[in-house]
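Undergrad: Count along the sequence shown from 1, add 261, and you get the number used in this note's numbering.
Every residue, glycine too, gets a C-beta built ideally from N, C-alpha and C.
Note that this is a predicted model, so its numbers are computed, not measured.
Sharing a structure here in structure tokens format.
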Amino acid sequence: MTTSTKSGGYLGGRIIWHSIKWIFLIAVAFFTIFPIIMAMLGSVKTNAELTTGATLLPTVWKFSNYATAWKQANFAQFTWNSLFISVIVTIGTLLVATMSAYAVDRTRFPGKKLYVALQASTMFISIGAVVLMPQFNLMVKLGLNKSLWGVIIILISSHAVIYFMLIGFFKAIPKDLDEAAYIDGCNFFTVYWRIILPLLSPALGVTALFTFRGAWNEYILPLVFTMTNPKLQTLTVGLANLRYGIGAAAEAHLMMAGACLSFLPILVVYILANKSFIQVTAGSVKG
262 MTTSTKSGGY LGGRIIWHSI KWIFLIAVAF FTIFPIIMAM LGSVKTNAEL
312 TTGATLLPTV WKFSNYATAW KQANFAQFTW NSLFISVIVT IGTLLVATMS
362 AYAVDRTRFP GKKLYVALQA STMFISIGAV VLMPQFNLMV KLGLNKSLWG
412 VIIILISSHA VIYFMLIGFF KAIPKDLDEA AYIDGCNFFT VYWRIILPLL
462 SPALGVTALF TFRGAWNEYI LPLVFTMTNP KLQTLTVGLA NLRYGIGAAA
512 EAHLMMAGAC LSFLPILVVY ILANKSFIQV TAGSVKG
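Printed below as a string of structure tokens:
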């Protein structure tokens, strides 16, 4: 076999492989974006046209559905409530998770491996709504059941995944930096605040994105804690209330419009955190 024949076969194999790869990526992108496109198209249809599903594109583009959804669901207040919860939960989770992960990774204490193993084992136990009643009773005793702070405290305390993600990032930072900082006169907290956290900025961006998304999409906790005070409802709870209008008829087109409005903040956060994703990925490849 000649050299030209070998090179031609190699080039043909690469072309086939790249073609298969691009077809797979395009298919994944299509199935990921298709529900969003359908939701956006459904948000500007009439309710009858949406429920029948006769056409893909709306015959009449009713952008007034967004104004109706905004007014009927009181989106201004609910958006503020969701932003308040998501921002405070993100800041609180990053503070608690980074401090606990730093303490566990950088210190030695008896039973450390058992402690980490017990923490990891709890992630595989799904108790769901079983803990709602004890959590609510605890917030009642603390006097936080009639405010959003009860929801915030519970959400901050339930981010074990973020904690273990940060432990993995901490292990990638050499401990020689800590020892050098101690020689220069820094204490344990100063090393954490001035040395470690700046190095963790890409990881903090990624974990903040996951935390913000989880708090923004939370439904059960805000629903339980705001039943007696509708003004404190979040966007997810208010969006569910759009299902039925005044005449008790299902208004799916308004839900679609509300859903399109609700994922705009998440889209903005994803765009802002994109640089952190790139830095973390580049660092992992380089290492």
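Quick one: residues in its chain with C-beta nearer than 8 Å to the C-beta of G508, no 5 flanking neighbours on either side, listed in chain order?
TA: Model confidence at G508 stands at a pLDDT of 49, short of 50, so the residue's coordinates are unreliable and nothing is read from them.
Undergrad: Would you mind listing the alpha helix (DSSP H) stretches within the segment 398 to 454 that are 4+ residues and don't spill past its ends, in chain order?
TA: List check, alpha helix (DSSP H) in window: 410 to 417, 421 to 432 and 437 to 444.
Undergrad: Would you decide whether H420 is buried or exposed? Buried here means 16 or more other CB atoms lie within 10 Å of its CB.
TA: It is buried - the Cβ of H420 has at least 16 other Cβ atoms within 10 Å.
Undergrad: When DSSP labels each residue in this structure, what does M360 get in the three-state scheme?
TA: Correct three-state label for M360: helix.
Undergrad: Among I277, M517 and I527, which has the Cα closest to the Cα of N326?
TA: Of the candidates I277, M517 and I527, the one whose C-alpha sits nearest the C-alpha of N326 is M517.
Undergrad: Assuming N490 contacts K407 (C-beta within less than 8 Å), just tell me the rounded distance between them.
TA: At roughly 6 Å, the Cβ-Cβ gap stays under 8 Å, so N490 and K407 are in contact.
Undergrad: Helix, strand or coil for G508, going by three-state DSSP, please let me know.
TA: With a pLDDT of only 49 at G508, under the threshold of 50, the placement of this residue in the model should not be trusted; the figure read from the coordinates follows. DSSP places G508 in coil when its eight states are reduced to three.
Undergrad: Pairs of beta-carbons, one from the segment 431 to 449 and one from the segment 512 to 527, closer than 8 Å: are there three or more?
TA: No, the segment 431 to 449 does not touch the segment 512 to 527.
Undergrad: Three-state secondary structure (DSSP) at V305?
TA: Here V305 sits in coil by DSSP.
Undergrad: Look at the alpha carbon of P435 and the alpha carbon of V467, and state the distance between them as a whole number of angstroms.
TA: Going by the C-alpha atoms only, they are around 21 Å apart.
Undergrad: I'd like to check one pair, F431 with A381: are the Cβ atoms closer than 8 Å?
TA: Their beta carbons are not under 8 Å apart, which means A381 does not touch F431 by this criterion.
Undergrad: Determine the burial state of E440: buried for a count of at least 16 other Cβ atoms within 10 Å of its Cβ, exposed for fewer.
TA: Looking at its Cβ environment, which holds fewer than 16 other Cβ atoms inside 10 Å, E440 is exposed.
Undergrad: Let's test the definition: count the other Cβ atoms within 10 Å of the Cβ of I457 and tell me whether it reaches 16, buried, or not, exposed.
TA: Label assigned to I457: buried.
Undergrad: Report buried or exposed for G411, applying the criterion of at least 16 other Cβ atoms within 10 angstroms of its Cβ.
TA: By the neighbour-count rule (16 or more Cβ atoms within 10 Å), G411 is buried.
Undergrad: What distance in whole Å lies between the Cβ atoms of T472 and I423, which are believed to be in contact at a cut-off of 8 Å?
TA: The pair is a contact, with the Cβ atoms about 6 Å apart (cut-off 8 Å).
Undergrad: Within its chain, find whatever has a CB closer than 8 Å to the CB of L302; leave out the 5 residues flanking it on each side and keep chain order.
TA: Hits under 8 Å: L317, L318 and P319.
Undergrad: Using 8 Å as the threshold, is the C-beta distance between G519 and L500 below it?
TA: Yes; because the gap between Cβ atoms is below 8 Å, this pair is in contact.
Undergrad: Around the C-beta of M400, are 16 or more other C-beta atoms found within 10 angstroms, so that it is buried, or is it exposed?
TA: Classification of M400: buried, given that the 10 Å Cβ count is 16 or more.
Undergrad: Would you kindly report the start and end of the unbroken alpha helix (DSSP H) that includes A476?
TA: A476 -> alpha helix (DSSP H) spans S462 to N478.
Undergrad: I'd like to know whether the C-beta atoms of I415 and V357 end up nearer to each other than 8 Å.
TA: No, they are not a contact pair.
Undergrad: Do you know how far the Cα of D437 is from the Cα of L465?
TA: Distance between the alpha carbons of L465 and D437 is about 21 Å.
Undergrad: For a test of the three-state rule: what should DSSP assign to A315, helix, strand or coil?
TA: Coil at A315, not helix or strand.
Undergrad: Please identify the residue among W322, A337, L344 and T354 whose C-alpha is closest to the C-alpha of I231.
TA: Residue 231 cannot be examined here, being either before or after the span of the chain that is shown, 262 to 548.
Undergrad: If you draw a straight line from the C-alpha of T495 to the C-alpha of F339, how long is it?
TA: When rounded, the distance between both Cα atoms is 5 Å.
Undergrad: Within its chain, find whatever has a CB closer than 8 Å to the CB of V365; leave out the 5 residues flanking it on each side and keep chain order.
TA: If we look at V365 and ignore the five residues flanking it on each side, its Cβ neighbours are K373, Y376, V377 and I428.
Undergrad: Is the distance from the Cβ of I481 to the Cβ of L409 below 8 Å?
TA: For I481 and L409, no; Cβs fall outside 8 Å.
Undergrad: Helix, strand or coil for V321 per DSSP?
TA: Three-state DSSP puts V321 in coil, outside helix and strand.
Undergrad: Going by beta-carbon coordinates alone, are K323 and K306 separated by less than 8 Å?
TA: Result yes, Cβ atoms of K323 and K306 sit closer than 8 Å.
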